[in-house]
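When the letters of the sequence shown are read in order and numbered with the working numbering, they come out as residues 1250 to 1431.
Data block below; observations after.
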Amino acid sequence: MTTALTLSGSIRQGSHNLKLQAHMGRRLEAAGVTVNAIDLGDFNLPIFNEDLEAQAVPEGAVALAALWRSHDIIFIATPEYNGGLPPLLVNAVTWVSRQRPSPFRHAIFGIGGVSSGKYGTIWSLSHLRESLTKVGALVVPTLLGIGPADQAFDAQDNFVEPAISRKVEQMVHELTHFSRGD
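What follows is the structure, encoded as structure tokens:
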């Protein structure tokens, strides 16, 4: 059985990126994938500092890396802050990247985001793709840059725009059909 881990770079109540995380989870489940949705706020990850790492790696980093290693698919929803990634997500990826064996060399990654602007997190997704690729992740080609956020979802948290729904289905297909060739 194929498994997926979903997470969001935003833990704010009512976050549009949490809605995207949940929506992708539902779509992956409909494709026959077992989904594990996590909240990055549940992992105790201090701001990355090599001095802390030398003393002891936080248990949250070890646990998060183990989750990444144990799933076939990882979907990350992220907001965009000033054209970049939120500190929560940067910190989590940094801590996970320091764990061995690499937590990035098994799963297929999908990335998407919702923002208030019409460019829909395209800048942060570009940065996230580059960062993940540099640490060995295989990121599917489709990007889900969605905006403006206040017009993206209907009352059932489905996408209003048919083009976005088609991109979601394209990403689900890529996530469930791409292989690392292991």
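Yeah, the Cβ is synthetic: ideal placement off N, Cα and C, and Gly gets one too.
Ser-1257: member of the beta strand (DSSP E) spanning 1252-1257, first to last residue.
Closest option to Arg-1349, judged by alpha-carbon separation, among Leu-1334, Arg-1318, Phe-1324, Leu-1424: Arg-1318. Separation of His-1422 and Leu-1387 (C-alpha to C-alpha, rounded to the nearest whole angstrom) is 15 Å. Residue Ala-1310 holds the alpha-carbon nearest to the alpha-carbon of Leu-1338 among Ala-1310, Val-1284, Ala-1404, Gly-1396.
Annotation: Pro-1295 is outside any alpha helix (DSSP H) and is labelled neither H nor E by DSSP. CA-CA distance, Ser-1414 to Arg-1276, rounds to 10 Å.
Secondary structure of Ile-1395 (DSSP, three-state): strand.
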